[in-house]
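Sequential numbering of the sequence shown, starting at 2, is according to my numbering.
Each residue gets a CB set at the ideal place from its N, CA and C atoms; glycine is no exception.
What follows is one structure encoded as structure tokens, with my remarks underneath.
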Amino acid sequence: MPKPEDDKQIEEAIKFLIFAYQKSGKNTKPVILHSIRVGLHLYHLNYDKDIVIAAILHDVIEDTDVKISELKLRFGMEIAHVVEANSFDESIENKTERYKENFERCCKTGRDALIVKAADFYDNLDYYPLASTNELRKWLLDKLRYFIENSKDILKDEIIYKELVTKYEKITSS
């Protein structure tokens with residue numbers, strides 16, 4: 002059962018997210034809606050408030066001018082570390098190397114970072130069939146398969162992981 006004080010903190014994260022995108026958003030995709038869906042999915046699966054907040058904020062470093070130091074001050078070290086782990090290193094030009102490095106950082110950060118990454122994949126998977134080319138669709142599915150295979154030992158008992166695998170299998174079998 003959600004606690005009122007948790008809901009207040011989650012709402013503050015949503016307000017922060019919206020303000021950050023209004024001020025300096027760099028992504029033309031509907032990132033605010035995606036970020037809220039990712040967080041609320043974990044909320045409805047009864048994940049811890051800090052995981053939910055990190056999920057809501059998971060793209061804010063990549064797509065706005067917000068700095069990790071600002072997240073640490075506003076939301077604490079743990080949430081900031083999970084968000085940082087889920088943010089791609091844009092200095093890595095090769096997109097396959099970039100997502101593998103991102104996955105390794107999530108592993109080093111721990112289970113919470115991988116849960117957020119799984120929820121991110123879960124939400125994004127709805128859009129894979131809409132990829133502009135078969136090559137892009139294949140690359141997206143390869144990236145997801147890499148995540149599923151390499152996070153299994155850590156996440157196999159997590160409901161979000163089980164949901165992700167089921168959704169992946171449904172999409173790849175059709």
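In the structure shown, Asn87 adopts coil according to DSSP, grouped into three states. In the three-state scheme derived from DSSP, where H, G and I count as helix and E and B as strand, Ile93 is classed as coil. Comparing alpha-carbon positions, the option among Glu136, Ala119, Thr167, Tyr169 lying closest to Gly40 turns out to be Ala119. With respect to the 7 Å criterion, Ala114 and Val83 are classified as neighbours on the basis of their beta carbons. The shortest C-alpha to C-alpha distance from Asn87 to any of His59, Phe76, Glu79 is the one to His59. The residue from Val53, Glu105, His42, Arg99 with its alpha-carbon nearest to that of Ile155 is Glu105. Ser92 is positioned such that its CB atom lies no closer than 7 Å to that of Thr65. For His35, the enclosing alpha helix (DSSP H) stretches over residues 32-45. Within the same chain, and ignoring the five residues on either side of Leu126 in sequence, the residues whose Cβ sits closer than 8 Å to its Cβ are Leu145, Leu165, Lys168, Tyr169, Ile172. For Val166, the uninterrupted alpha helix (DSSP H) segment begins and ends at 160-174.
Shown here for Glu63: same chain residues with a beta carbon closer than 7 Å to its own, the five before and five after excluded, namely Ser88, Phe89 in chain order. Restricting attention to Lys163, Gly111, Asn95, the CA atom closest to the CA of Trp140 is found in Asn95. Between Arg138 and Tyr147, the CB-CB gap reaches or exceeds 7 Å. Distances from the alpha-carbon of Gln10 to those of Leu34, Ala21, Val32, Ile52 put Ile52 closest. The residues Ala81, in chain order, have a CB closer than 7 Å to that of Lys73 in the same chain once the five nearest residues on each side in sequence are set aside. Between Ile69 and Glu79, the CB-CB gap reaches or exceeds 7 Å.
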